[in-house]
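Chemist: For the sequence shown, full-length UniProt numbering gives the first residue as 68, with consecutive numbering after it.
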Amino acid sequence: SNYLHHLRRTEPHLNSFLHISDTVLKEAEEIDRKIQNNEEVGPLAGVLVGVKDNICTVDMPSTAGSRALENYRPPFDATAVRKLRECGAIVVGKTNLDEFGMGSTTEGSAYQVTANPWDLSRVPGGSSGGSAAAVSARQCIVSLGSDTGGSVRQPASFCGVVGLKPTYGRVSRYGLVAYASSLDVIGCFGSSVADTGILLNVISGHDRHDATSSKREVPNFTFQSISPDSIESKPLRGLRVGIIRETLQEGVDSEVISSIRDAASHLEELGCSLTEVSLPSFSLGLPAYYILATSESSSNLSRYDGVRYGNQAVADVLNSLYGDSRAKGLGSEVKMRILMGTYALSAGYYDAYYKRAQKVRTLVQKSFKTALDENDILISPAAPSAAYKIGEKKSDPLAMYAGDIMTVNINLAGLPALVLPCGLVQGGSAGLPVGIQMIGAAFDEEKLLKVGHIFE
Ligand code: GLN
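(1) Would you say the beta carbon of Y455 is closer than 7 Å to some non-hydrogen atom of the ligand GLN?
(2) Between L515 and P483, is the Cβ-Cβ spacing less than 8 Å?
(3) Tell me which residue opens and which closes the beta strand (DSSP E) that P222 is part of.
(4) Helix, strand or coil for P500? Go by DSSP, reduced to three states.
(5) Use the C-beta contact count for E512: other C-beta atoms within 10 angstroms, 16 or more gives buried, fewer gives exposed.
(6) Check this for me: beta carbons of M467 and S249, under 8 Å apart or not?
(7) Residues in its own chain within less than 7 Å of P184 by CB, not counting five upstream and five downstream?
(8) Whole-angstrom Cβ separation of V91 and L71, contact assumed at under 8 Å?
(9) What three-state label does DSSP hand P233 in the structure shown?
(10) Counting along the chain, where does the alpha helix (DSSP H) carrying V427 start and finish?
(11) R75 to E335, Cα distance in whole Å?
(12) For a quick check, are the C-beta atoms of G132 and E78 less than 8 Å apart?
(13) When you measure from the CB of G216 to every non-hydrogen atom of the ligand GLN, does any distance come out below 7 Å?
(14) Quickly, what does DSSP pair E343 with across the bridge? List them, please.
(15) Can you check whether the CB of C123 is closer than 8 Å to the CB of V269?
(16) Alpha carbons only, please: which of G309, C339, G236 is nearest the one belonging to H276?
(17) Take A330 as the anchor and find which of D144, D126, V486 has the nearest alpha-carbon.
(18) Measure the beta-carbon distance from S194 to T173 and round it to whole angstroms, keeping in mind my assumption that it falls under 8 Å.
(19) Alpha carbon to alpha carbon, how far is Y420 from V118? Give it in angstroms, no decimals.
(20) Of the choices N105, A145, P451, whose alpha-carbon is the least far from that of T314?
(21) Sorted by chain position, which residues of the same chain lie with C-beta nearer than 7 Å to I253's C-beta, five sequence neighbours on each side aside?
(22) Under the criterion of a Cβ to heavy atom distance below 7 Å, does G170 qualify as lining the ligand GLN?
(23) Here's a check: name, in chain order, each residue in its chain whose Cβ is nearer than 8 Å to the Cβ of F510, leaving out the five neighbours to either side.
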């Protein structure tokens, strides 16, 4: 009940949650009772988890931040949520997001704007801003987000928490509301790398409900046994770290660059060897991402016709039922993206846009492969700046898209990446957090978590 008091006290300032569970106390008492009676409880017994509202939960609405799904209650739990519950975790509520995950600030939610706990006048990042803010303000211990182009990593950086985007296919997408299916992945937030690893362990693995989920064995991502050695013993000796040149150039805040360079020196002190690597295709990733993500979303979002899910307009002709349901249900950013995607996929423009973007995607994949053959991990900032003011980029979508430059390439390549706090820059009253992004080879989350655990 202390916890619920904290949640109730902080929530009016932050608006991290779209729904709060009314069974938290009851579930906690039930776990208490089991412990008292020496009954078996799962490894996450009583752990309070926030779940992004585009991830289905059977006992709470799942709106994906959209009016189109305003009253939608899924008949099932997403696989990740089911696994968490099987381990004894308590879902405290559903966190705010940009509608369908389309945005970088959480201002694109149809319901509310979430504030950054470090400075309430700033955005928490997005689209998983609610999940990041909730962990940052200790409204929950860990949380789930989704990352299509950076939606776990950029808010982790803005809110000063740890965020992990797993390899594409590591975690089942069953029950995740689709944005761009070839890029979407459920990710984890925690206040330490160790917590984040424990969460990943629970939600990973093959699922017969998601044909793209990998059958690879899930290693042990929990490292409580590693005691962070002293710098003198060089615990990361031999680790080859490549710092991506294109991420430390013009357009990136100078204080962010120096935080990342300091973090790189710290990695060297821990025994890593550091080299600068160049990924010439890096800047092509952003336009390619926005073509591919909008194209896939134009197809995925066609299901919100008012017939199958959520809000239905009142109309006497079928066509106006579709039209009115969409007109009322979908926000302007979402509509714009559907139009962009439909345009890129249309017969006359397919070769010029979609096909070219696919070629860029292959190029990006190859260049990361080469760089990761020569290095164990790659590092970069997680975002070109720290958290900015609410409203600052709202009317300028291109400026907002540009802020995704550090993260989208990793989704195009399907790779895992870990973001963790590495410094503060000026802003707010206590400074603003900056995150370093560590990128690993496909399915090598283990290495990222080990390095992150020793680094932090
Ligand atoms: N900001 C990016 C977008 O709007 C990424 C969002 C995400 O990862 N869901 O597409």
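Just so it is clear, CB atoms sit at the ideal spot from N, CA and C, and this is done for glycine as well.
Modeler: This is what the structure gives:
(1) no
(2) yes
(3) Where P222 is concerned, there is no enclosing beta strand (DSSP E), although the alpha helix (DSSP H) it sits in stretches over 220-226.
(4) strand
(5) buried
(6) no
(7) L81, A200, S203, A204, C226
(8) 6 Å
(9) coil
(10) 423-441
(11) 44 Å
(12) no
(13) yes
(14) I310
(15) no
(16) G236
(17) V486
(18) 7 Å
(19) 35 Å
(20) P451
(21) I122, A147, L211, S213, V238, R240, L243, I270
(22) yes
(23) T234, R237, S281, R283, P483
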